[in-house]
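Worksheet for the structure shown next.
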Amino acid sequence: MDKFKIMKGWPTSHRMPRRLVLALVLVVMLAAVAVTGCGRAETNASGQSGSPSADGSPSADGATMSDGSQAAYGVTKSDGSPTAEVANGATMSEDSTAANNVSPDKLQVVCTLFPQYDFARYIAGDLADVTLLLSPGMEAHMYDPTPADMKKISRSDVFIYTGDAMEGWAAQIVESLDASVHVLDLSGYVTLREEDDHGENEVVYGHDGHAVEAEDAHDHEGHHHHGGFDPHYWLDMTNAAAMARAVGDTLSALDPANKDAYAARTAEYVAQLERLDNEFFEVVQSSVRQDVVFGGRFAYSYFMARYGLNYATVYHSCSAESDPSVSDMIRVIDYIDEHDSPCILYEELSNGTVAKTIADDANIETAVFTTGHNVSLDEFRQGVSFIDLMDQNLEILRKVLNE
Ligand SMILES: [Zn+2]
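Residue numbers 5 to 407, in the working numbering, belong to the letters of the sequence shown in order.
See the structure below:
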């Protein structure tokens, strides 16, 4: 990255060319990345065995904390020990032992993305076998079900997915399913935002103050986002709570003998989501700044809208195919200068190339702000929960907004 260091020394009057050069270099780098497919480089499943019980260790019921306390689910203690235990029967798709774990007397629940998987495995406890179709670390937007995955879906009791905007492949499969498979499309429980709806919070302007949104904010591609809706609704904690309730209600309806257990565990999970909702508000409102910068694929429009953060972003969507334009880059570089931004954020399971290059040039920090689509193999083995991920985001935000 030495070439950027040289540019740093340019006098202020040449800052515009410097920015332009940096932006152009980034665009060229991205084009090279796209050709080699590095966008997925760190997202390939590093192993095929994702089961928490693959090593033979029993996976405890998630309701009971290791210290015996009942309350907080999924809270990672300050000593770093994960306290969220993975529920019995929870498996990831590629685990070869998954088939052997299937208990014919238990509900079989198959989930597409990590959020609903985590809700289901917690709410079900040991009353159901819950499977995540994504392998650990797999990039959610590039996922297409394998024949084996389709078999899992067709043999399940409940198939839980995000909606047509995320899983464009689901509609066709759902049509072919027997009536014995209950289909839960969670997008029916939230208000969807349009894909191009940047909301009032995104700062969109050019050097000369002219709005540049119209020309470049709509040229991004979202090949996997059908229907024009942004699928990342789980990042608004009230939506996440609605999803958890829908999962709980569905399990209760299909297995009424255990409805009290499902209801109790749903309430526990929702209480954690409500805590997070309050804490995100509290952090944003009580901090020195209320603005953030993103240099990675952007999945946070629900989050920004809910918690009232202003932001600038290089990318306008989460799609693997989306590429930022030169004007997107320049806008973000300007925004960092003007707001004295201390940090540029990017998404998990990526190499953060764009964010790191901009950060190097501006001499600021980078940090990962999790989207929660999926977890890494390590995180899965540690039993990291959606609540843990959002608590990590909370701490990142607390730091970034107060520097
Ligand atoms: Zn996404």
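The beta-carbon is built from N, C-alpha and C at its ideal position, and this holds for glycine as well.
- Your pair Arg293 and Tyr319 does not check out as a contact, with CB atoms roughly 21 Å apart and the cut at 8 Å.
- For Asn262, there is no enclosing beta strand (DSSP E), as DSSP marks it with neither H nor E.
- DSSP places Gln294 outside both helix and strand once states are collapsed to three, so it counts as coil.
- Here the distance from the Cβ of His186 to the nearest heavy atom of ligand 1 is not below 7 Å.
- When only Cα atoms are considered, Leu136 and Ser305 end up about 25 Å apart.
- Cys347 has its CB no nearer than 7 Å to any heavy atom of ligand 1.
- Runs of the alpha helix (DSSP H) lying entirely within the stretch 120-198 and spanning at least 4 residues, in chain order: 151-158, 174-180.
- By the neighbour-count criterion, in which a residue is buried when 16 or more other Cβ atoms sit within 10 angstroms of its Cβ, Ala366 is buried.
- Annotation for Cys322 indicates a beta carbon within 7 Å of some heavy atom of ligand 1.
- As the crow flies, the alpha-carbon of Phe298 is around 44 Å from that of Asn262.
- DSSP lists Asp295 as the bridge partner or partners of Asn314.
- With contact defined as three or more Cβ pairs closer than 8 Å, the stretch 271-289 and the stretch 334-342 are not in contact.
- Residue environment: Gly252 is assigned as buried (16 or more neighbouring CB atoms within 10 Å of its CB, all protein chains considered).
- Straight-line spacing of the CA atoms in Ala265 and Met308 works out to 34 Å.
- Relative to the Cα of His377, the nearest Cα in the group Glu369, Ala246, Arg385, Ser389 belongs to Ser389.
- A distance below 7 Å between beta-carbons, with the five flanking residues on each side excluded, links Gly232 to the following residues of its chain, in chain order: Glu198, Glu199.
- Between the stretch 368-385 and the stretch 340-350, the count of C-beta pairs closer than 8 Å reaches three or more; the two stretches touch.
- Here Glu407 is exposed, its C-beta having fewer than 16 other C-beta atoms within 10 Å.
- Closer than 7 Å to some heavy atom of ligand 1: that describes the Cβ of Ala144.
- Inclusion of Leu30 and Thr361 in the CB contact set at 8 Å is warranted, their separation being smaller than that value.
- Restricting attention to Ser329, Leu401, Asn355, Asp338, the CA atom closest to the CA of Leu28 is found in Ser329.
- DSSP, read as helix, strand or coil, puts Ala303 in coil.
- The alpha carbon of Leu393 has as its nearest neighbour, out of Lys403, Val404, Ser380, Leu405, the alpha carbon of Ser380.
- At least 8 Å separates the beta-carbon of Phe163 from that of Val194.
- Put simply, of Asn355, Met154, Leu405, Asn314 the residue whose alpha carbon is nearest the alpha carbon of Ala174 is Met154.
- Excluding the 5 residues flanking it on each side, Ala132 has same chain C-beta neighbours closer than 6 Å at Lys110, Leu111, Val113, in chain order.
- DSSP places Val379 in the coil class of the three-state scheme, outside both helix and strand.
- Remark: the C-beta of His343 is outside contact range of ligand 1, defined as less than 7 Å to any heavy atom.
- Boundaries around Glu369 are those of the beta strand (DSSP E), 369-372, since no alpha helix (DSSP H) includes it.
- In the DSSP assignment, Asp234 is bridged to Arg197.
- Under the DSSP assignment, Tyr350 falls in the beta strand (DSSP E) whose first and last residues are 347-350.
- Taken through DSSP and simplified to helix, strand or coil, Leu111 comes out as strand.
- Comparing alpha carbon positions, the residue from Leu405, Ala246, Ile348, Ala250 closest to Gly312 is Leu405.
- Under a 10 Å Cβ-count criterion, Ala257 is classified as exposed, with fewer than 16 other Cβ atoms of the shown protein chains found around its own Cβ.
- When the Cα atoms are used, Asp130 and Gly387 turn out to be separated by approximately 15 Å.
- Glu278 carries a helical assignment under DSSP once its states are collapsed to helix, strand and coil.
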